[in-house]
Amino acid sequence: MLIDLRSDTVTRPSPGMRRAMYEAEVGDDVFGEDPTVRRLETRIAELLGKEAALFVPSGVMGNQLAIKVLTHPGDEVILGRESHIFNYESGAPALISGVQLHPLDDTPGWFSPEALALAVRHGHDWEPRSRLVCLENTHNRAGGVVVPLDVVEAVTTEARRHGLALHLDGARLWHASVALGVPEHRLAAPFDTVSVCLSKGLGAPVGSVLAASADLIAEARRFRKLLGGGMRQVGVLAAAGLYALEHHRPLLAEDHAKARRLAEGIAELPAFEIDLKRVQTNIVRFDVRQGTAENVLAQLREEGVLMVAFGPRTIRATTHRDVSMQDIDRTLTILHRLFGRPAN
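Counting in numbering that gives the first Met the number 0, the sequence shown runs from 0 upward without gaps.
1. Report the three-state DSSP secondary structure of Ala342 (helix, strand or coil).
2. Along the chain, where does the beta strand (DSSP E) that runs through Ile273 open and close?
3. Give me the Cα-Cα distance between Cys133 and Ser57, rounded to the nearest whole angstrom.
4. Could you give the uninterrupted runs of the beta strand (DSSP E) lying entirely in the stretch 158-214, keeping only those of 3 residues or more?
5. Can you find the residues in the same chain that come closer than 7 Å, C-beta to C-beta, to Ala342, ignoring five residues on each side of it along the sequence?
6. Starting from the C-beta of Ser198, find all residues in its chain whose C-beta is less than 7 Å away, skip the five residues before and the five after it, and write them out in chain order.
7. Within the continuous beta strand (DSSP E) that includes His101, where are the two ends?
8. How long is the line joining the alpha carbons of Val146 and Asp33, rounded to whole angstroms?
9. Do the CB positions of Arg315 and Asp286 come within less than 8 Å of each other?
10. What residue from Asp191, Val154, Arg221 has the CA that sits closest to Asp28's CA?
11. Under 8 Å, with one C-beta from each stretch per pair, do the stretch 190-197 and the stretch 211-226 reach the 3-pair mark?
12. Which residues in the same chain have their Cβ closer than 7 Å to the Cβ of Val295, if we skip the five residues on either side of it in sequence?
13. Helix, strand or coil: how does DSSP classify Gly79 here?
14. Alpha carbon to alpha carbon, how far is Ala116 from Ser129?
15. Residue range of the alpha helix (DSSP H) that Glu40 falls in?
16. Among the residues of its own chain, which have a CB less than 6 Å from the CB of Gln298, if the five just before and after it don't count?
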């Protein structure tokens, strides 16, 4: 039986979620007439402490709409070099918003307020205008680490001191909330816009939501249509998101526990190197001491275990609701059998 740890996007709708989708009340969302979409948007806005929200097909669209409504062509966006927006969104800020990206070192999962202050442009005619700062919480490429509350406060305060707008890529903000034991709205409070994903840890098949002020969401709705994201009877998908918020969100701590068990088992193997302090949510990132990540992944595939490469010698495994603790134990048995011998 396949154990798929490539991502928490590989989950399948649960029976209860499928039932909710089947029974969903629908209408034309482009006309604002889908009642299930409206309920989802209202619920997300409440959870994140914002005035309004907008259901979008993907996290990429949520992030790009935020950049679009918070910048002008020729502006500069300051963000992390390891961030999702910089690495995994196909250069969309340049194409869609006409902005330049200024990446800062965010190896820990964030950059410092001091680094931000040095990056801000001073308004000379020959410079791009610093307009927007983006953070990511949890931080994917850093291994699912949570950005500490004091870091968020320090960085966002520095951004405001320079008159900059703020966007939070909160694709896995649900996980950060669980790990810190604080509500999502507290993590979202300093930001003008916040995007959250329904199709990762929450297990919905499709969709993300952008939350902000009513005026910004009205503008984002227009650009969503421009980008081809104006969907019609989409309540069948919004129903999955609502179900996930109510039934799957309370279970996210179980995914964290699975990741912790996997990480501790990997730490016992001399073939790999892992920093257990950075395993804080549902992502396990570890390095291969000898050889390549692809060689390890090929051997695991032969045994029915899937993970992904995050560099020449780096592997990422992501736990989720479709992988049980028994699956984790089986994965560890395979890893110990294949790589339990001392590294050469």
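Think of the CB as a built atom: it goes at the ideal place given N, C-alpha and C, for glycine as much as any other residue.
So, from the data block:
1. Note that Ala342 has pLDDT 47, beneath the 50 cutoff, so the model's placement of it is unreliable and the number below is only indicative. Assigned with DSSP and collapsed to three states, Ala342 falls in coil, not helix or strand.
2. Going by DSSP, Ile273 is part of no beta strand (DSSP E) at all; its letter is neither H nor E.
3. So the two alpha carbons sit approximately 18 Å from each other.
4. Runs of the beta strand (DSSP E) inside the stretch 158-214: 164-169, 192-196, 207-211.
5. Since pLDDT at Ala342 reaches only 47, below the 50 mark, its modelled position is unreliable, and the value read off the structure follows with that caveat. Cβ-Cβ distances below 7 Å link Ala342 to Pro269, Ala270, Arg288, Gln289 in the same chain, with the five nearest sequence neighbours on each side left out; the list follows chain order.
6. Closer than 7 Å at Cβ, skipping near neighbours: Thr8, Pro204, Val205, Gly206.
7. Following the DSSP letters along the chain, one finds His101 inside the beta strand (DSSP E) bounded by residues 99-103.
8. Straight-line Cα distance between these residues: approximately 35 Å.
9. When the beta-carbon positions are compared, Arg315 and Asp286 stay at least 8 Å from each other.
10. Of the residues Asp191, Val154, Arg221, the one whose Cα lies closest to the Cα of Asp28 is Arg221.
11. Taking 8 Å as the limit for Cβ pairs, the verdict is that the stretch 211-226 does touch the stretch 190-197.
12. Sequence-distant partners of Val295 (beyond 5 residues in either direction) whose C-beta falls short of 7 Å from its own C-beta, in its chain, are Val287, Ile314.
13. Gly79 carries a strand assignment under DSSP once its states are collapsed to helix, strand and coil.
14. About 11 Å.
15. Segment 34-47, the alpha helix (DSSP H) holding Glu40.
16. Exclusion of the five residues before and after Gln298 leaves Leu337 as the residues of its chain whose Cβ lies within less than 6 Å of its Cβ.
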